[in-house]
Amino acid sequence: MVKQTIQIFARVKPPVRKHQQGIYSIDEDEKLIPSLEIILPRDLADGFVNNKRESYKFKFQRIFDQDAKQETIFENIAKPVAGSVLEGYNGTIFAYGQTGSGKTFTITGGAERYSDRGIIPRTLSYIFEQLQKDSSKMYTTHISYLEIYNECGYDLLDPRHEASSLEDLPKVTILEDPDQNIHLKNLTLHQATTEEEALNLLFLGDTNRMIAETPMNQASTRSHCIFTIHLSSKEPGSATVRHAKLHLVDLAGSERVAKTGVGGHLLTEAKYINLSLHYLEQVIIALSEKHRSHIPYRNSMMTSVLRDSLGGNCMTTMIATLSLEKRNLDESISTCRFAQRVALIKNEAVLNEEIDPRLMIKRLQKEIQELKDELAMVTGEQRTEALTEAELLQLEKLITSFLEDQDPESRLEVGADMRKVHHCFHHLKKLLNDKKIFGNNTVSNTVSSESKDQDCQEALKEEEYRKLRDILKQRDNEINILVNMLKKEKKKAQEALHLAGMDRREFRHSQSPPFPPGNPEEGQRMRLSSAPSQTQDFSILGNRSSLLHKKTGMREEMSLGRQEAFEIFKRDHADSVTIDDNKQILKQRFSEAKALGESINEARSKIGKYHTFSFYLSFSPSHCVPSTGISENMAVPLMPDQQEEKLRSQLEGEKRRYKTMFTRLKALKVEIEHLQLLMDKAKVKLQKEFEVWWAEEATNLQVNPPAVNSLDHTKPFLQTSDSLHEQSQLFSNKSSGGWEVQGQGTGRFDVCDVNARKILPSPCPSPHSQKQSSTSTPLEDSIPKRPMSSIPLTGDSQTDSDILAFIKARQSILQKQCKFTSLGGSSRATGHQHLWGAHSEVGGE
Ligand code: ADP
Ligand code: MG
1 MVKQTIQIFA RVKPPVRKHQ QGIYSIDEDE KLIPSLEIIL PRDLADGFVN NKRESYKFKF
61 QRIFDQDAKQ ETIFENIAKP VAGSVLEGYN GTIFAYGQTG SGKTFTITGG AERYSDRGII
121 PRTLSYIFEQ LQKDSSKMYT THISYLEIYN ECGYDLLDPR HEASSLEDLP KVTILEDPDQ
181 NIHLKNLTLH QATTEEEALN LLFLGDTNRM IAETPMNQAS TRSHCIFTIH LSSKEPGSAT
241 VRHAKLHLVD LAGSERVAKT GVGGHLLTEA KYINLSLHYL EQVIIALSEK HRSHIPYRNS
301 MMTSVLRDSL GGNCMTTMIA TLSLEKRNLD ESISTCRFAQ RVALIKNEAV LNEEIDPRLM
361 IKRLQKEIQE LKDELAMVTG EQRTEALTEA ELLQLEKLIT SFLEDQDPES RLEVGADMRK
421 VHHCFHHLKK LLNDKKIFGN NTVSNTVSSE SKDQDCQEAL KEEEYRKLRD ILKQRDNEIN
481 ILVNMLKKEK KKAQEALHLA GMDRREFRHS QSPPFPPGNP EEGQRMRLSS APSQTQDFSI
541 LGNRSSLLHK KTGMREEMSL GRQEAFEIFK RDHADSVTID DNKQILKQRF SEAKALGESI
601 NEARSKIGKY HTFSFYLSFS PSHCVPSTGI SENMAVPLMP DQQEEKLRSQ LEGEKRRYKT
661 MFTRLKALKV EIEHLQLLMD KAKVKLQKEF EVWWAEEATN LQVNPPAVNS LDHTKPFLQT
721 SDSLHEQSQL FSNKSSGGWE VQGQGTGRFD VCDVNARKIL PSPCPSPHSQ KQSSTSTPLE
781 DSIPKRPMSS IPLTGDSQTD SDILAFIKAR QSILQKQCKF TSLGGSSRAT GHQHLWGAHS
841 EVGGE
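Numbering (UniProt numbering), first residue to last: 1 to 845.
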């Protein structure tokens with residue numbers, strides 16, 4: 001048992017604005033215990049709390065200042081906990097602090113750079129690395145990911161659900177057994193055999209978390225997320241299993257809700273958040289007080305789930321995340337105060353060992369059968385009738401498999417039937433005698449006596465059989481080698497194809513849809529997956545990719561206008577820079593990996609050649625000792641001469657190079673995987689934001705039907721009278737809005753309506769019609785002065801409304817840009833105008 005208080009660490013986030021001097025300082029006392037001093041500026045201190053203290057001092061295990069790297073945080077905080085989990089103890093790391101103070105950054109990591117990955121991915125990496133190193137035990141790893149929002153639990157890893165809101169995810173509920181153990185119903189545990197699989201699960205959960213978040217629920221600041229690694233280990237042959245859980249917890253923002261300005265729905269949520277963290281505080285206060293027998297764990301779901309982590313069987317660590325800017329000082333002080341109370345809690349971690357019930361059942365079943373047999377023998381339950389043919393055959397089969405079983409412990413179980421026992425002895429005796437005779441035969445075979453002809457033939461048959469068996473074995477090996485070679489060739493061909501495909505895709509990027517269906521990097525990722533876990537990887541990747549595909553690859557369902565709008569939206573979006581940057585890095589990593597792969601292959605073939613060469617060298621006649629009492633024809637290897645020595649050192653060098661490159665490739669693989677996942681996530685986010693924007697635009701359109709551009713009135717429009725008539729009818733049917741103006745600053749307007757598909761394959765007007773239209777027709781009055789567009793509509797109401805919404809959106813952007821440009825806007829805005837112009841032409845085709 002390990003008794004330990006909860007360890008508390010503080011991490012100060014770099015400020016958004018320039019560093020404000022003198023707000024805090026980090027010192028160490030005589031016992032080298034670090035302390036954080038928060039100094040309240042006078043103006044704040046006055047109205048802050050009743051007492052007039054101006055500085056507050058808090059002790060922590062360690063304090064990480066603004067420049068602390070993620071690597072440092074992992075090494076100092078998470079690695080020791082992960083180490084205990086590997087030994088079989090439960091562990092918990094939770095981040096506590098106000099929204100924006102860096103909880104998610106610390107626990108999961110930043111979304112941009114590989115070096116920003118947080119505690120979860122680094123811990124997974126570390127754990128799997130350790131598992132690989134330790135061959136003395138058999139390990140199984142499972143992952144679960146729970147989000148608690150408004151006192152409800154949601155399973156973030158359910159692959160069957162396409163979450164578009166939290167409610168779409170399976171609800172997780174708490175069950176308590178008679179021993180007061182907590183069980184989470186509906187929370188799925190997913191086995192992960194490699195780091196990659198576990199990472200994919202993390203990203204699946206994060207993607208679900210992001211998609212399920214709406215501006216209304218702001219789940220990321222108001223919910224708690226618990227990522228759990230469940231580790232079981234067992235020594236081979238032992239029935240004792242060790243279970244350990246590692247909870248990595250990203251708590252809701254700890255800020256107190258403002259008393260004013262929050263009402264209705266928001267208040268309910270705010271209350272819940274407060275309630276949930278309030279109950280956490282209550283539990284912590286209760287635990288830090290001596291002689292308190294009742295700890296109110298059951299008041300909230302979060303404290304129930306983390307029951308063991310708080311004052312129980314667990315090694316727990318808290319990270320207080322602080323954003324030490326002037327306006328955040330009061331929240332930072334309350335975070336530190338909370339941490340001081342947490343530091344008083346004592347936990348008692350024990351090794352969680354248990355007997356594997358399945359092994360136990362097997363053992364007991366065997367024992368029961370033995371006892372039953374014994375009893376039957378003792379009670380003398382005799383059977384007199386002879387064994388049937390089938391029974392005899394069955395027995396002989398049993399004997400054969402018993403004799404063939406390599407395990408010295410194996411037993412011949414025939415039950416408590418003396419007839420069977422006797423038959424077994426008979427049969428064994430016969431086999432033994434046969435063997436003796438056979439043994440003699442092999443000796444006497446050489447004598448080749450006439451009288452033993454029969455046996456001789458038997459032996460020959462045996463010999464032949466053995467030869468055939470050897471040949472068969474050889475052929476089998478050959479086939480295996482050939483199959484492997486074929487597989488390799490096939491893989492190479494696929495890789496070549498894939499690389500070619502990738503180049504093409506890169507090339508096409510400028511014109512291609514934003515996220516081509518099927519995820520361009522997916523193939524590469526699978527290729528990089530390690531062989532043994534491939535089937536599993538595929539299924540998980542499949543899940544994720546289908547999820548991401550559905551979220552990002554909506555293009556197939558997108559109308560042209562929407563696609564175009566998406567292109568522009570994407571280009572304009574701040575994240576596109578990150579995506580592009582990551583794409584560039586990814587590209588570099590791919591080519592590095594490719595080059596490494598080639599060098600590795602080269603090194604491997606060199607090593608192979610060295611081996612072959614040294615083999616021949618050691619048997620070449622020049623290396624034979626001529627007549628030193630030994631026949632000259634016999635090749636005797638010399639002591640390593642210079643050439644061999646050189647060869648050997650080259651070989652060693654090559655091996656070292658191979659190993660270094662291989663390690664680097666492995667690390668690259670993880671990095672590539674991580675970057676791909678980051679990009680996927682950014683893409684989902686982009687798509688989500690686009691959908692929101694699009695929906696807003698569409699709503700606006702419905703609420704405020706677009707006004708006709710004033711230019712329109714002065715602009716002619718032309719139609720044959722037939723089509724005009726058709727249109728006038730259409731207008732009378734569909735008089736309410738939906739028509740759009742497209743000025744483009746070209747002074748040219750085209751008509752666009754549901755019929756345009758038939759009558760306007762190319763942008764109108766023609767010179768002829770322009771002339772005609774200059775004279776006003778009677779119809780002109782009955783037809784609204786309507787906008788024209790060179791984009792044909794399709795007749796499908798859904799698609800058409802998309803197109804119209806798009807045109808509206810485009811116009812509003814154009815208007816904004818015009819304003820912007822006229823105000824002396826940036827070249828970026830002007831550039832877009834040009835872009836829009838270019839796109840309108842495409843649209844007209
Ligand atoms: P929280 O989860 O506590 O609300 P986040 O982790 O989302 O806060 O952090 C808010 C912002 O600050 C994010 O953009 C994050 O990338 C950034 N951030 C937080 N901590 C750090 C840090 N130590 N270094 C750099 N950026 C940070
Ligand atoms: Mg967060």
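C-beta atoms are modelled at their ideal positions from N, C-alpha and C, and glycine is treated no differently. Small disclaimer: the values here were computed from a predicted structure and weren't measured.
Of the candidates A286, T221 and K669, K669 places its Cα closest to the Cα of R589.
Listed in chain order, the non-local C-beta contacts of R664 below 7 Å within the same chain comprise L596, local neighbours out to five positions each way being set aside. Fully contained in the segment 182-225 are the following beta strand (DSSP E) runs of length 3 or more, in chain order: 182-185. Of the heavy atoms belonging to ligand 2, at least one sits nearer than 6 Å to the Cβ of T104. As the crow flies, the alpha-carbon of S599 is around 32 Å from that of K681.
Secondary structure at Y114: helix, using DSSP grouped into helix, strand and coil. Distances between the C-beta of G110 and the heavy atoms of ligand 1 include at least one below 6 Å. DSSP, read as helix, strand or coil, puts V241 in strand. The Cβ neighbour count for A574, taken over all protein chains shown within 10 Å, is under 16; the residue is labelled exposed. Between the segment 79-93 and the segment 120-134 there are three or more C-beta pairs closer than 8 Å, enough to call the two in contact. Residue pairing for L36: DSSP places it in a beta bridge opposite I26 and F58.
Of all alpha-carbon atoms in L157, H247, N181 and I182, the one lying nearest the alpha-carbon of P170 is that of L157. Beta-bridge analysis with DSSP links Q588 to no other residue. In this structure P236 is exposed. Its beta-carbon is surrounded by fewer than 16 other beta-carbon atoms within 10 angstroms.
Counting along the chain, the unbroken beta strand (DSSP E) around V172 starts and ends at K171 to E176.
Following the DSSP letters along the chain, one finds L156 in no alpha helix (DSSP H), marked with neither H nor E. Contact annotation: F806 and G561 have beta-carbon atoms nearer than 7 Å. Between the alpha carbons of N480 and K473 lies a distance of about 10 Å. For R656, the three-state secondary structure derived from DSSP is helix. For M302, the enclosing alpha helix (DSSP H) stretches over residues M301 to V305. In this structure, the CA atom of G608 is about 10 Å from the CA atom of K655.
By the neighbour-count definition (other C-beta atoms within 10 Å, threshold 16), S797 is an exposed residue.
DSSP places G561 in no beta strand (DSSP E) but in the uninterrupted alpha helix (DSSP H) bounded by L560 to D572. Rounded to the nearest whole angstrom, the C-alpha separation of Y24 and Q811 is 51 Å. For the options Q4, I803, T240 and S323, the alpha carbon positioned closest to that of E564 is the one of I803.
Around the beta-carbon of Y297, 16 or more other beta-carbon atoms lie within 10 Å, marking it buried.
For S125, the Cβ stays outside the 6 Å cut-off from all heavy atoms of ligand 2. When E602, L310 and E54 are compared, the shortest CA-CA separation from N347 is found for L310. The beta carbon of Q340 is closer than 7 Å to those of F58 in its chain, skipping five residues each way along the sequence.
R358 and I120 have their C-alpha atoms roughly 32 Å apart. In the three-state reduction of the DSSP assignment, A682 falls in the helix class, which pools H, G and I.
Between R242 and G88 a beta carbon distance of about 4 Å is seen, short of the 8 Å cut, so the two are scored as contacting. The continuous stretches of beta strand (DSSP E) do not include R256, and DSSP gives it neither H nor E.
Around the Cβ of T228, a 10 Å sphere holds 16 or more other Cβ atoms; the residue is buried.
Residue side-chain check: S576 keeps its Cβ at 6 Å or more from all non-hydrogen atoms of ligand 2.
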